[in-house]
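A.B. asks:
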Amino acid sequence: MIRTIAFLCLTSAAAPVLAQNPAAAAPATGPHAPIITDTEFNAAIPSLDDAPLESIEAWQADQENRAADGSAAQQVAQTAADPAILAVQDNDAVELLPDPPVTDPLLDDPLSPIASFDAEPPPEPTQAGEREVGAVRYILRLDGLDAAATTELAKDADGIAVEAAAWNDVRARFHDLSSLKEKGGRADSRAEIGQRARADRQLLLDILNGQGFFDADVQVKTEISATQSGPVNVILTVLPGRRYYLGQIAFAGPAVQPANLISANFVPKTGDAIIADVILAAEANISVALPQNGYPFAAVGQRDILLDDANGLGDYTLPVDPGARSYFGQLRTEGSPAFGAQHIAILRRFKTGDLYDSRKVDDLRAALVATGLLSTVSVEAVPGEGVAPDGTPYADLLVRQEAAPPRSLAASAGYGTGQGFRAEGSWTHRNLFPPEGALRVAALLGTQEQAASVAFDRANAGRRDRNIEISLSALHSNYDAFEAYTGRLGVTMAFVSTPIWQKKFTWSIGAEILGTSEDAFELARGARDRQLYYVAALPGQVGFDRSNDLLDPIRGYRVNLRVSPEASLGTGTQIYVRAILDGSYYYPVQDNIVVAARTRVGTIAGIMRDNLAPSRRFYGGGGGSVRGFGYQRLGPLDPNNDPIGGRSMNEFALEGRYRFGNFGVVGFVDAGQAYESSIPKFNDWRVGVGIGGRFYTNFGPVRLDLATPLNRRPGDSRFSVYVSIGQAF
89 MIRTIAFLCL
99 TSAAAPVLAQ
109 NPAAAAPATG
119 PHAPIITDTE
129 FNAAIPSLDD
139 APLESIEAWQ
149 ADQENRAADG
159 SAAQQVAQTA
169 ADPAILAVQD
179 NDAVELLPDP
189 PVTDPLLDDP
199 LSPIASFDAE
209 PPPEPTQAGE
219 REVGAVRYIL
229 RLDGLDAAAT
239 TELAKDADGI
249 AVEAAAWNDV
259 RARFHDLSSL
269 KEKGGRADSR
279 AEIGQRARAD
289 RQLLLDILNG
299 QGFFDADVQV
309 KTEISATQSG
319 PVNVILTVLP
329 GRRYYLGQIA
339 FAGPAVQPAN
349 LISANFVPKT
359 GDAIIADVIL
369 AAEANISVAL
379 PQNGYPFAAV
389 GQRDILLDDA
399 NGLGDYTLPV
409 DPGARSYFGQ
419 LRTEGSPAFG
429 AQHIAILRRF
439 KTGDLYDSRK
449 VDDLRAALVA
459 TGLLSTVSVE
469 AVPGEGVAPD
479 GTPYADLLVR
489 QEAAPPRSLA
499 ASAGYGTGQG
509 FRAEGSWTHR
519 NLFPPEGALR
529 VAALLGTQEQ
539 AASVAFDRAN
549 AGRRDRNIEI
559 SLSALHSNYD
569 AFEAYTGRLG
579 VTMAFVSTPI
589 WQKKFTWSIG
599 AEILGTSEDA
609 FELARGARDR
619 QLYYVAALPG
629 QVGFDRSNDL
639 LDPIRGYRVN
649 LRVSPEASLG
659 TGTQIYVRAI
669 LDGSYYYPVQ
679 DNIVVAARTR
689 VGTIAGIMRD
699 NLAPSRRFYG
709 GGGGSVRGFG
719 YQRLGPLDPN
729 NDPIGGRSMN
739 EFALEGRYRF
749 GNFGVVGFVD
759 AGQAYESSIP
769 KFNDWRVGVG
779 IGGRFYTNFG
789 PVRLDLATPL
799 NRRPGDSRFS
809 VYVSIGQAF
């Protein structure tokens with residue numbers, strides 16, 4: 089016997105299955121004699137003359153007489169007209185009650201499957217227990233799969249029974265989707281149990297079909313407990329039948345380049361079991377591979393699988409219309425645009441005339457989203473005009489965009505022992521100078537810092553991912569190490585990561601000029617003194633990021649180097665170089681446990697410490713350095729135990745992060761020191777230990793850390809608290 093099958097989708101399941109698709113025949117019905125003749129019908133119609141209406145009592149009596157006379161007359165007429173009726177019925181010549189019609193319409197209807205009948209008696213309405221919600225308990229049992237798994241089955245290359253794995257898949261998927269399982273063994277009535285059992289029977293059949301068992305059957309049986317309070321046993325017995333395997337595999341459609349592009353991306357082979365998930369995934373793979381290799385308008389049709397019951401094989405045919413093989417054409421845009429096609433061309437990673445590749449289209453869409461200037465955006469291939477010199481047609485890209493509100497407000501807050509509270513806010517117009525020319529005004533209010541700044545930022549300036557920023561800021565800082573009033577003018581060109589678009593390689597170069605009036609302790613004079621410094625710098629930075637996340641990495645590593653040649657004009661011209669090397673590593677021990685480590689080394693060469701502006705020196709301690717010690721507390725101290733900074737530093741940190749749901753716990757050890765010399769000595773380390781809590785949000789973790797120093801000095805706090813957004817490193 090040969091059958092065709094089609095894919096069905098489970099309404100209550102996550103995966104589609106294979107099922108038989110037989111044609112149903114409409115039931116036939118025989119002719120029936122009219123109940124009354126036309127003459128009788130016309131006689132029963134009331135006259136429409138203007139005679140007065142009869143009384144209700146008279147009308148009812150007339151109707152009763154008509155019904156009695158009509159029934160007797162009809163019975164006598166039928167008996168006289170067809171004597172065979174007497175033999176078929178009860179052979180009574182005179183009927184006290186009319187016999188039922190010989191041809192009953194219900195007898196012509198096909199019988200329903202036996203499995204659809206609920207053999208359970210209806211619940212007794214007087215049982216008080218079933219009037220309570222969830223009062224009936226039941227136990228579900230699945231029979232047949234274990235027995236099938238122990239039979240002699242085909243073996244794979246490793247000698248493992250192939251069908252045994254299929255039974256495990258069937259059982260696992262059924263338990264995930266079963267209505268009986270979902271309700272926890274309780275129902276409002278035995279009728280509800282029967283309804284769930286019928287639904288689970290169909291679910292199990294669909295799952296079996298999805299594993300290639302198209303001849304499978306499932307029998308449902310319920311056993312009532314001997315005691316009224318006992319549970320109902322619901323037994324689903326699986327009769328799997330044979331499993332079907334792929335026979336011939338064919339693809340109907342025009343030829344493609346390369347010739348094996350379709351067949352190479354269809355993973356199932358002849359002899360493999362007909363598993364719905366595998367076949368659907370293979371078809372989806374074809375739908376993905378064709379647009380990635382020059383076919384933007386490819387369409388995969390409806391498969392046909394012809395089953396042969398004699399040998400248990402199914403011949404598979406898939407129609408595929410690849411469409412025209414195309415090159416990238418022009419860019420078009422429509423909607424309410426934030427920028428035009430010329431700027432979109434800067435964001436793309438392909439040129440007109442390159443072979444069409446949907447991955448590059450997806451990359452362009454992501455770049456458009458990363459601008460933050462669009463509320464909705466789509467990129468779609470459409471037939472282009474003309475053909476390339478080799479005769480290949482073009483596929484244009486239609487970008488539909490809707491501009492988002494360009495203005496935004498942002499705010500953040502944090503706290504650190506030694507640094508106090510900090511609250512930052514900003515107002516940004518992201519497209520004040522199109523395309524992507526932003527104006528940002530920001531302010532910082534803190535217990536020890538206050539600042540205001542204005543910046544112009546041009547994103548994707550001339551080429552993708554290149555940003556240019558010009559900023560002007562004023563800052564007041566008041567710490568134990570120094571008090572400074574600083575003005576700064578800077579310009580930076582950078583290739584950096586964002587929360588939407590994390591990059592493996594980043595860099596930045598810039599220039600800055602600052603004037604700062606700083607009050608700090610001078611060892612030569614033994615007193616605090618205020619000096620005016622003028623500093624010019626050319627800072628540069630390179631970074632390599634192979635971590636999996638910008639704000640909450642759990643695997644990978646990062647390396648970052650910052651170098652800034654600077655000139656100080658405060659006490660005569662001094663040329664020096666500041667350099668800092670950072671590295672961090674993340675290792676997932678388990679799915680919810682991560683070990684993270686960080687190291688940092690810094691040096692300043694070419695200038696004596698006392699000639700260096702205090703704000704440009706190295707300090708240690710604080711939430712982003714060595715926790716447990718106050719902000720800038722590590723390093724050389726003056727006679728008042730206030731920090732005076734140094735020309736080198738080294739730090740190390742180790743964290744163990746455990747996450748459960750949206751919360752987490754972190755244990756950490758930090759160590760480090762700052763030195764007067766320009767070369768780090770890697771000795772006299774100060775160590776802090778602590779524990780922290782994490783609350784994970786959709787924009788990153790919020791952290792709260794509590795730390796204590798193990799070898800604190802006079803003036804150091806016993807405990808330090810840090811609150812901020814993002815991991816410590």
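Heads up: the sequence shown is residues 89 to 817, going by the numbering used here. For every residue, glycine included, the Cβ atom is placed at its ideal position computed from N, Cα and C.
What number of angstroms, rounded off, separates the C-alpha of GLU557 from the C-alpha of ARG413?
C.D. replies: So the two alpha carbons sit approximately 43 Å from each other.
A.B. asks: Out of curiosity, what's the CA-to-CA distance linking SER585 and TYR332?
C.D. replies: Those two C-alpha atoms are separated by around 52 Å.
A.B. asks: Compare the C-alpha of GLN619 against each of ASN699, LEU626, ALA369 and name the closest.
C.D. replies: Of ASN699, LEU626, ALA369, the residue nearest in Cα terms is ASN699.
A.B. asks: Restricting to runs no shorter than 3 residues, where is the beta strand (DSSP E) found entirely within the stretch 698-748?
C.D. replies: DSSP runs (the beta strand (DSSP E)) wholly in the stretch 698-748: 736-748.
A.B. asks: In angstroms with no decimal places, state the Cα-to-Cα distance between ILE358 and ARG391.
C.D. replies: Checking the sequence shown, residue 358 turns out to be Thr, not Ile. Approximately 16 Å between the Cα atoms of the pair.
A.B. asks: Within 10 angstroms of the Cβ of ASN799, are there 16 or more other Cβ atoms? Answer buried if so, exposed if not.
C.D. replies: The residue is exposed, with fewer than 16 neighbouring Cβ atoms inside 10 Å.
A.B. asks: GLY335: which of ALA361, ILE281, ALA386 sits nearest, CA to CA?
C.D. replies: The option with the nearest alpha carbon to GLY335 is ALA361.
A.B. asks: Since THR580 and SER596 should fall inside the 8 Å C-beta cutoff, what is the C-beta to C-beta distance between them, to a whole number of angstroms?
C.D. replies: So it is a contact: roughly 6 Å between Cβ atoms.
A.B. asks: Just verifying my parser: in three-state terms, what is the DSSP assignment at GLU145?
C.D. replies: Reduced to three states, the DSSP call for GLU145 is helix.
A.B. asks: Grouping DSSP H, G and I as helix and E and B as strand, with all else coil, what is GLY282?
C.D. replies: Of the three classes helix, strand and coil, the one that applies to GLY282 here is helix, per DSSP.
A.B. asks: Within the stretch 492-568, note down every full beta strand (DSSP E) run reaching 3 residues or more, in order along the chain.
C.D. replies: Qualifying beta strand (DSSP E) stretches, in chain order: 495-504, 508-517, 525-534, 537-546, 555-566.
A.B. asks: Taking the straight line between their C-alpha atoms, what separation do you get for SER541 and VAL344?
C.D. replies: Taking the straight line from one Cα to the other gives about 59 Å.
A.B. asks: Note down, in chain order, each residue of its chain lying with its Cβ closer than 7 Å to the Cβ of ASP303, except the 5 sequence neighbours on either side.
C.D. replies: Excluding residues within five positions, the ones whose Cβ falls inside 7 Å are GLY329, ARG330.
A.B. asks: Can you tell me whether GLU473 is buried or exposed? The criterion is at least 16 other CB atoms within 10 Å of its CB, across all chains shown.
C.D. replies: GLU473 should be labelled exposed.
A.B. asks: So, for TYR763: in the same chain, excluding its five sequence neighbours on each side, which residues have a beta-carbon less than 6 Å away from its beta-carbon?
C.D. replies: The residues are GLY734, SER736, LYS769.
A.B. asks: Does DSSP put TRP595 in a helix, a strand or coil?
C.D. replies: Correct three-state label for TRP595: strand.
A.B. asks: Measuring alpha carbon to alpha carbon, tell me which residue in ASP484, ARG436, SER652 is nearest LEU419.
C.D. replies: That would be ASP484, whose Cα lies nearest to the Cα of LEU419.
A.B. asks: Would you mind sorting GLU606 into buried or exposed? The rule is 16 or more other CB atoms within 10 Å of its CB.
C.D. replies: So GLU606 ends up on the buried side.
A.B. asks: Measure from the alpha carbon of ARG704 to the alpha carbon of each residue in GLY711, GLY710, GLY690, then state which is nearest.
C.D. replies: When each option's Cα is compared against that of ARG704, the closest is GLY690.
A.B. asks: Alpha carbon to alpha carbon, what distance is there between THR125 and GLY118?
C.D. replies: Residue placement at GLY118 is flagged as unreliable, the pLDDT there being 44, under the threshold of 50; a coordinate-derived value is accordingly withheld.
A.B. asks: According to the neighbour-count rule (16 or more other Cβ atoms, all chains shown, within 10 Å of its Cβ), is THR238 buried or exposed?
C.D. replies: Because THR238 carries a pLDDT of 49, less than 50, the predicted location of this residue cannot be relied on, and the following value inherits that uncertainty. It counts as exposed.
A.B. asks: Tell me, please, which residues DSSP counts as bridged to GLY752.
C.D. replies: DSSP, once it has assigned bridges, lists ARG747, ARG782 as partnering GLY752.
A.B. asks: Please determine, among HIS517, ALA562, PRO342, GLY525, the residue with the shortest C-alpha to C-alpha distance to LEU533.
C.D. replies: Checking every option, the nearest Cα to that of LEU533 belongs to ALA562.
A.B. asks: Give me the residue from ILE663, ALA795, GLY803, PRO676 with the minimum Cα distance to ASN729.
C.D. replies: The shortest Cα separation from ASN729 among ILE663, ALA795, GLY803, PRO676 belongs to GLY803.
A.B. asks: Reducing DSSP to helix, strand and coil, say where GLU270 ends up.
C.D. replies: Helix.
A.B. asks: Leaving aside the five residues before and after GLU743 along the sequence, list all residues of the same chain whose C-beta is less than 6 Å from its C-beta, in chain order.
C.D. replies: Around GLU743: ALA684, VAL754, PHE756.
A.B. asks: Would ASP276 and ALA223 be called neighbours here (beta carbons separated by less than 8 Å)?
C.D. replies: Contact flag set, yes.
A.B. asks: Strictly by DSSP, which residues pair up with ASN321?
C.D. replies: ASN321 is bridged to ILE227, GLU311.
A.B. asks: Roughly how many whole angstroms lie between the Cα atoms of CYS97 and GLY298?
C.D. replies: In this prediction, CYS97 scores a pLDDT of 43, lower than 50, which makes its location untrustworthy; the coordinate-derived value is nonetheless stated afterwards. So the two alpha carbons sit approximately 10 Å from each other.
A.B. asks: Contact check, PRO425 vs ALA491 under 8 Å by CB: the rounded distance?
C.D. replies: The Cβ separation is near 7 Å, so the contact holds.
A.B. asks: Can you give the Cα-Cα distance for ASN548 and ARG437, rounded to whole angstroms?
C.D. replies: For ASN548 and ARG437, the distance between alpha carbons rounds to 13 Å.
A.B. asks: Using C-beta distances below 7 Å, list every residue in its chain close to ARG721, excluding the 5 sequence neighbours before and after it, in chain order.
C.D. replies: Once the five neighbours on either side are set aside, the close Cβ partners of ARG721 are GLY506, GLY709, PRO731, ASP804.
A.B. asks: Can you list the beta strand (DSSP E) stretches of 3 or more residues lying completely in the stretch 419-503, in chain order?
C.D. replies: You should have 462-475, 481-491.
A.B. asks: Among TYR674, PRO379, GLY716, ASP409, which has the Cα closest to the Cα of ASP445?
C.D. replies: The candidate whose alpha carbon is nearest that of ASP445 is PRO379.
A.B. asks: Whole-angstrom Cβ separation of GLY282 and THR310, contact assumed at under 8 Å?
C.D. replies: Rounded, the Cβ-Cβ distance is 7 Å, consistent with contact.
A.B. asks: Quick one: Cα of ALA816 to Cα of THR796, how far?
C.D. replies: Cα-Cα distance, rounded: 16 Å.
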